[in-house]
Each structure stands twice: as structure tokens, then as C-alpha cells.
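**Student:** Take this structure, written in C-alpha cells, and hold onto it; I'll ask about it next.
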């Protein structure tokens, strides 16, 4: 059996010309409990004074809850508009929570974020850790599901060590080009 992953257009999903000045953690996906929405809010609350560093793009049952908690929560965004949103961020979060009947299987937005040169922090739910480059620091890039306190520490690490975060972003981009680009996936 040969597994063929989903691919991403690495020409469309490409890094920003320059690293954004303002720190911003980004989540793109369904705004639901099992995606770790509450964990992201708790983990990012107060990290940068009064301003929230979290931006969530997507739709779902937690959208109004995010807005009530002073998080930038945008609704559905057309796929071709997503690369510009990724390029405004400095970190991508995907801390999914397993349920009794479900675990995260892939996470296409993780691949899109890596293609855009973002460092990525995921939970240990399902196949998420397998998406990351083998050279990524697992102790920094993979957090236990439901441990928003550890997620907060990892986010703070990325905020305080911007050069390291940028290096992880470059590694992510290279990995996305080598493993998940539409050209590479199409040849499998």
C-alpha cells in the first residue's frame, strides 16, 4: 500500500516577501471545539499585553464565542484569498482534540501554512505530527492534546525567539515543497 498525501499549490501558497513585524498566531479551519479553539484562546490570552495575538479564519459554532473573547474571528474566506492571510501571520496553530469517535486525519491548512513558510505547532491528535518535517523540533512543534498551558509555553517560545521561528518556517517551506507540492504529489 502506498499512501499519497493531499497536495498544495506551492506557487500560490508561498512565503511572504518579508517577515511580518507584528506577532500573529493563525488558525484556519472549522471553528469547533474539537479543533482546539478554546485551547488556542486560553493559550494566547494576555501574551502581548491586552491585544490578542490570535486570528481565526473559518466558520462554525465557536465563531461568536471567539468574538466575545476579543479574538479576530473571520468567517469563510475564499481559498484563493488564503495565501495573503497566511503571509500576515508569524505562527500557525492546529491543536486538535481527539474525541471518542474522531481524531485529526490530515489538516490541509497545516500543509498550506508550511508552504507559506510558517512555523507550525500541532497537537498529538491523529496524524498531525506526521505532517511536520522530520527535522522540526518535536518538543516545540507538537503539544499534548488539551494541554493549553504547554501550547502557551510553545507560543511564547516562538514570540521570544523570532529568528528560531523564522528558521522553522524555512524548514516548513522546504518540506512542503519536497513532500506536499502538487507537482510531487501528482507524480506519485
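Residue numbers (this note's numbering): 298 to 485. Using N, Cα and C, we set each Cβ at its ideal position, and we do this for glycine too. Since this is a predicted model, take the numbers as computed values, not measurements.
1) Using DSSP with H/G/I as helix, E/B as strand and the rest coil, what is residue 314?
2) Would you check if the distance between the CB atom of residue 448 and the CB atom of residue 392 is smaller than 8 Å?
3) From residue 406 to residue 349, what does the alpha carbon distance come to, in whole angstroms?
4) Quick check on residue 339: does DSSP put it in helix, strand or coil?
5) From what residue to what residue does the beta strand (DSSP E) around residue 352 run?
6) Which residues in the same chain have their Cβ closer than 7 Å to the Cβ of residue 433, if we skip the five residues on either side of it in sequence?
7) Count the other CB atoms within 10 Å of the CB of residue 397; is the residue buried (16 or more) or exposed (fewer)?
8) Which same chain residues end up closer than 6 Å to residue 429 when comparing Cβ atoms and leaving out the 5 residues on each side of it in sequence?
9) Only counting runs of 4 or more residues, tell me where the alpha helix (DSSP H) segments fall wholly within the region 428–460, in order along the chain.
10) Taking DSSP as the reference, what is the three-state secondary structure of residue 406?
11) For residue 412, which residues from the same chain have a beta carbon less than 6 Å from its beta carbon, with the 5 sequence-adjacent residues on both sides left out?
**Tutor:** Well, looking at it:
1) Residue state, collapsed to three classes: coil.
2) Yes, Cβ-Cβ distance for residue 448 and residue 392 is below 8 Å.
3) When only Cα atoms are considered, residue 406 and residue 349 end up about 21 Å apart.
4) In the structure shown, residue 339 adopts helical secondary structure according to DSSP, grouped into three states.
5) Judged by DSSP secondary structure, residue 352 falls within the beta strand (DSSP E) whose first and last residues are 351–354.
6) Beyond the five residues adjoining it in sequence on each side, residue 433 comes within less than 7 Å, by CB distance, of 465, 468 in the same chain, given in chain order.
7) Per the 10 Å Cβ criterion, exposed.
8) The answer, listed in chain order, is 438.
9) Within the region 428–460, the complete alpha helix (DSSP H) runs of at least 4 residues are 435–438, 445–457.
10) Correct three-state label for residue 406: helix.
11) Closer than 6 Å at Cβ, skipping near neighbours: 305, 307, 310, 473.
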